[in-house]
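First the structure, in the form of structure tokens, and then the observations on it.
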Amino acid sequence: MAEQSSTESFDRERHIRYFAHSLKSLPSAYAHLDTNRLTLVHFAVHSLDLMGVLDDDATLLKVGIDKEGIVDWIYSLQILPSAEGDDEGSSRHSSSSSSSSKNYSTWNAHGGFKGGTFLGGPGAQYRDDGAKEGMSRQYECLPYHGFEYDHGHVAMTYTALCTLVALGDDLSRFDKRSAVKSLKSLQRDDGSFQCISVGSENDMRFLFCACAISHMLNDWSGVDVDRAVKFIKSCRSYDGAISLISGQEGHGGSTFCAVSALTLMGNLDEVLSEDSWKDDLIHWCVSRQLSGMQGRPNKVEDTCYSYWIGGTLRLLECDDLLDTDMLTCFVLSCQTDMGGFSKVRGAYPDLLHSFYSMAWLSLSRSQNLNELHCALGMRLSRTVAFEQPSYM
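Residues in the sequence shown are numbered from 427 upward in steps of one, following the working numbering.
Structure below.
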């Protein structure tokens, strides 16, 4: 078991080292998460951003973080549409200003980002054409043919967009059109979303990701909002919580995903006003606090639910019903001597629980961290970038 820090003060320097090291090397226990490598980068980058590291060139140099290198790696995971038979071949400009003029007559459904290079195959490559006067930089996508296992994953597209913006990228290499169109192929008849276009599990997690992508890009054409809301309603549990799919037990993670999706769609108050649902949901969430938060009744407290359930109550504007001091003390008690946060006291740290612990500490406003956009799960000030014309 890893030793927990003896003090419950926030150990900023140790956490910076932990997250910075995680961007360069991870222990073998993470090998089975190779398909989700982009999510691991997301956890580390946003944790550093909440601590202000990404704006501090001296600290970035000290811990060896190359923001441009991470951006280039993320773009190498972008899945681009094929346009066979086009006179221009596969070469095209991928800036938002030029992609709209592309001939998509033979477009395929594989847009967005994949989670890593685990299946091999060619990665997307780009040539920097430089910046023209009064315009953003233009990137030309070099001939890209992909291969049969290249599929954009909706959760990886969500994490890619959040992380690119956190790193200061202008999204000029992002193919918005193909990513938005791919969302349509992922939504199922019941309103839920599957994660890839060739068939996969479908549940509330991926519905949230689709809504987050649509919100960030200010384009909801890839989501049938009415069907999405209907699916969320179908997942209401008897106790007011929300499940991953219809008929299952309510869970802290899926509850957050549903409430956040409704917030982003602008339907939260309307939906929760039905049949005292909001009151039942608030009661369920508040009842999950022991000292920390448990994800379901009769489970142990777990640091990640400080955000999943604490964040849900923040979106419901009822987080004052929690004992925030006690919850913050529990989270801080799960810091480890190697940096990062563990799931429970006395365990080793991991990136997921470390990031969501950081997210709660930001929401609690107790540790001088940058403010979090609760629904999107990223630094609030970064989301201003999505309001820029280049993202529309």
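Beta carbons: idealized from backbone N, C-alpha and C, even for Gly.
Alpha carbon to alpha carbon, how far is residue j from residue i? Give it in angstroms, no decimals.
i	j	result
aspartate 554	cysteine 730	40 Å
glycine 495	leucine 452	18 Å
phenylalanine 634	serine 699	20 Å
alanine 638	histidine 579	14 Å
serine 604	valine 624	16 Å
leucine 474	aspartate 615	39 Å
proline 723	leucine 459	28 Å
glutamate 797	serine 611	34 Å
leucine 802	glycine 546	30 Å
histidine 447	glutamine 715	32 Å
glutamate 627	glutamine 613	12 Å
valine 757	leucine 464	25 Å
alanine 550	valine 712	46 Å
leucine 694	alanine 785	22 Å
aspartate 728	leucine 449	24 Å
leucine 753	alanine 773	18 Å
tryptophan 646	aspartate 576	24 Å
leucine 487	glycine 673	51 Å
aspartate 437	threonine 762	9 Å
cysteine 683	lysine 659	13 Å
valine 467	threonine 485	18 Å
If we count the other Cβ atoms within 10 Å of its Cβ and call it buried at 16 or more, is residue i buried or exposed?
i	result
aspartate 483	exposed
serine 618	buried
phenylalanine 544	exposed
methionine 719	buried
proline 507	buried
serine 435	exposed
lysine 654	For the sequence presented, residue 654 should be read as alanine rather than lysine. Burial call: buried.
glycine 490	exposed
serine 526	A caution first: serine 526 carries a pLDDT of 37, below 50, which makes its placement in the model unreliable, though a value can still be read off. It counts as exposed.
glycine 736	buried
valine 422	Not covered by the structure: residue 422. The range shown for the chain is 427 to 818.
alanine 687	buried
Apart from the five residues on each side of it in sequence, which residues of its chain come closer than 7 Å, Cβ to Cβ, to residue i?
i	result
arginine 662	Ile668, Trp703
aspartate 665	Gly676, Asp706, Trp710
tyrosine 501	Ala550, Tyr552, Arg599
serine 523	Low confidence applies here, because serine 523 scores a pLDDT of 35, under 50, leaving its location unreliable and the question unanswered by this model.
aspartate 749	Gln715
histidine 779	Thr729, Cys730, Phe767, Ser768, Lys769
Cutting at 8 Å between CB atoms, please list the residues of its own chain near residue i, excluding the five before and the five after it.
i	result
alanine 592	Val471, His472, Asp475, Leu480, Met804, Arg805, Arg808
leucine 609	Val580, Phe619, Ala636, Ile639, Ser640, Gly648, Val649
serine 454	none
Apart from the five residues just before and just after residue i, which ones in its own chain have a Cβ nearer than 6 Å to its Cβ?
i	result
glycine 765	Arg440, His441, Arg443, Tyr444
valine 372	Outside the shown range of the chain (427 to 818) lies residue 372, about which nothing can therefore be said.
leucine 747	Val712
histidine 799	Leu806, Thr809
tyrosine 782	Cys730, Tyr733
State the beta-bridge partners of residue i as determined by DSSP.
i	result
glutamine 620	Asn628
methionine 804	His799
serine 768	Pro775
phenylalanine 539	Gln504
glutamine 814	Its beta-bridge partners do not exist; DSSP assigns none.
isoleucine 668	Arg662
glutamine 720	Glu727
At least one CB of chain C closer than 8 Å to the CB of residue i: is that the case?
i	result
tryptophan 734	No chain C is present in this structure, which holds just one protein chain.
| said: Give the list of continuous alpha helix (DSSP H) stretches no shorter than 4 residues that lie fully inside the segment 574–615. | reply: 580–592, 602–612
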